[in-house]
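One structure is given below, encoded as structure tokens.
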Amino acid sequence: PFDGRLDRPVVLVGLMGAGKSTVGRRLARRLGLPFVDSDSEIEDAAGLSAGEVFQRFGEHDFRDGERRVVARLATGPVRVIATGGGAFVNEETRALLNDKCITVWLDAPVGLLAERTARRPETRPMLKDGNRSETLARLIDERRPAYAEAHIRIASEGGAHHEVVERIIAAL
Ligand code: S3P
């Protein structure tokens, strides 16, 4: 069991719909740590939803802001951090997170990702055009090598969130 001593932030990475925000919030509560979500930080800074930033300024500017926000969080206080699905794909961000934090990849099958991201489609600009499952399958293929560099991989097959939380704690 987890002995309660964490000297660095715990960072959740993985695709949209993997449960980073939901699991992250619960994990934080369970560990008695604050929780922060990089998309929300971008939203606070921009005064717009992450989807709106993406649409209005384009993916390039969104990624730029995301890189800076995540770098600040990575070097900040010990807490649980949920990242946007693209953050860990950036090589510089990935190296920084792996150096300063404990990184946890929530690896979920495409069917589950498709089901979960169907709920609030306006929050997922990457999925607005084309077939949701096909896009997610392509993103899994593209991003898997990056996510696989996380310190810990947790298979999230759609079980209860609290089980995923317990599995993360067991792996810390
Ligand atoms: C993105 C994931 C989103 C958000 C943006 C881009 C991605 O975050 O950052 O829409 O490229 O995978 P979530 O993973 O929290 O949905």
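All residue numbers in the sequence shown are consecutive under UniProt numbering, ending with 178. Glycine included, each C-beta is placed from N, C-alpha and C at the ideal position. The model shown is predicted, which means the values in this text are computed figures rather than measured ones.
Distance check between Arg35 and each of Glu140, Glu49, Ala51, Val16 places Val16 closest, using alpha-carbon atoms only. Each residue's CA atom was taken as its position, placing Ile87 and Asp70 some 18 Å apart. Runs of the beta strand (DSSP E) lying entirely within the segment 131–172 and spanning at least 3 residues, in chain order: 158–161. Going by C-alpha positions, Gly64 is about 15 Å away from Asp135. If you check the CB distance, Gly91 and Leu145 come in under 9 Å. By DSSP's assignment, Ala88 forms a beta bridge with Leu18, Asp43.
Short of 8 Å from the beta carbon of Val171, and not among the five residues preceding or following it, lie these beta carbons of its own chain, in chain order: Val29, Arg32, Leu33, Arg36. Checking the 8 Å criterion, the Cβ of Leu21 is within range of a heavy atom belonging to the ligand S3P. Asp50 carries a helical assignment under DSSP once its states are collapsed to helix, strand and coil.
Leu112 carries a strand assignment under DSSP once its states are collapsed to helix, strand and coil.
In the three-state scheme derived from DSSP, where H, G and I count as helix and E and B as strand, Thr81 is classed as coil.
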